[in-house]
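This report concerns only the one structure given below.
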Amino acid sequence: MKFQCKTPEETFELGQQLGKQLVPSDIVLLYGDLGAGKTTLIQGICCGLELAPELPVRSPTFTLINEYQAKHSIYHIDLYRLDTLAEIENLGLEEYLFGDGITLIEWAEKLEVPRAMTKDQNPLEKNSSASQKSPLHSSNPFHISAHLEIEITPISNDFRHFNIQAIGLSQREWPNSTLQ
10 MKFQCKTPEE TFELGQQLGK QLVPSDIVLL YGDLGAGKTT LIQGICCGLE LAPELPVRSP
70 TFTLINEYQA KHSIYHIDLY RLDTLAEIEN LGLEEYLFGD GITLIEWAEK LEVPRAMTKD
130 QNPLEKNSSA SQKSPLHSSN PFHISAHLEI EITPISNDFR HFNIQAIGLS QREWPNSTLQ
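Under our numbering, the sequence shown has 129 at position 120, and the numbering climbs by one with no breaks.
Structure representation (structure tokens):
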């Protein structure tokens, strides 16, 4: 799925639509540079998951993990400040990754999960043989298989390009790319 958002409000709206489709045990991996819009998208996702609007959703850059109670438990994890896999392993992520909440991870590239797509590729089509391959291999230390992969690329100040790939998740009514 490809999306283009021209304002932070559109990014929030995209997140809200994605959040409405998430269910307990889902993992969302977010990739993008500093200031790409990961936290704005997560704010929208939390809204879509019915988090009370008066509860602030901020990137847990220094606390590393924020937990929210909404329709389902939400775990918002930010790996920006962690430099090694050992530091990440010390967080006890398994509890969040394989628990009954919805886990949202900023700076997911630090988890070393094999990617379905890169900046140089288009997202894999649903029916392509490449999308049927398991994303697991030996360099996946947390054994993450089913997840939503979101690559955010800033084009200008507010304009963002989103490549979204659902990997191993049950069929959902994901937003279609006409939300532009």
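From the three backbone atoms N, C-alpha and C, an ideal C-beta is built for every residue, glycine too.
Inset, instruction - Could you tell me how far apart the beta carbons of Leu-88 and Ile-97 are, in whole angstroms, since I believe they sit closer than 8 Å? - result: Contact between Leu-88 and Ile-97 is confirmed by a C-beta separation of about 6 Å, below the 8 Å threshold.
Legend entry - Every unbroken beta strand (DSSP E) within the stretch 152 to 189, with a cutoff of 3 residues, ordered by chain: Counting whole runs of 3 or more residues, the stretch 152 to 189 contains the beta strand (DSSP E) stretches 156 to 163 and 169 to 176.
Legend entry - Where Lys-29 falls: helix, strand or coil (DSSP): The answer is coil: DSSP assigns Lys-29 none of H, G, I, E or B.
Inset, instruction - Give a yes or no on contact between the stretch 56 to 63 and the stretch 11 to 19, applying the rule of three or more CB pairs nearer than 8 Å. - result: Flag = no, the stretch 56 to 63 and the stretch 11 to 19 do not touch.
Inset, instruction - With DSSP as the reference, label Lys-11 as helix, strand or coil. - result: Under the three-state reduction of DSSP output, Lys-11 falls in the strand class.
Inset, instruction - Rounded to whole angstroms, what's the CA-CA distance from Leu-94 to Gly-108? Just pull it up for me. - result: Approximately 21 Å between the Cα atoms of the pair.
Legend entry - Separation of Ala-155 from Ile-36, as counted between CA atoms: If I take the Cα positions, the gap works out to 7 Å.
Inset, instruction - Flag this pair as yes or no: are the beta carbons of Ile-54 and Leu-31 separated by less than 9 Å? - result: One thing to note: Ile-54 has its Cβ within 9 Å of the Cβ of Leu-31.
Inset, instruction - Have a look at Leu-120 and Gly-101 and give me their C-alpha separation to the nearest angstrom. - result: Their backbone Cα atoms lie some 13 Å apart in a straight line.
Legend entry - Local conformation of Arg-59 per DSSP, three classes: For the sequence presented, residue 59 should be read as Glu rather than Arg. In this structure, Glu-59 counts as coil in the three-state DSSP scheme.
Legend entry - Nearest-angstrom Cα separation, counted from Asn-172 out to Ile-2: This structure leaves residue 2 out entirely; the chain is present only between 10 and 189.
Legend entry - Three-state secondary structure assigned by DSSP to Tyr-105: Three-state result, Tyr-105: helix.
Inset, instruction - Take the Cβ of Arg-169 as the centre, count every other Cβ of all protein chains shown within 10 Å, and call the residue buried at 16 or more, exposed below. - result: It counts as buried.
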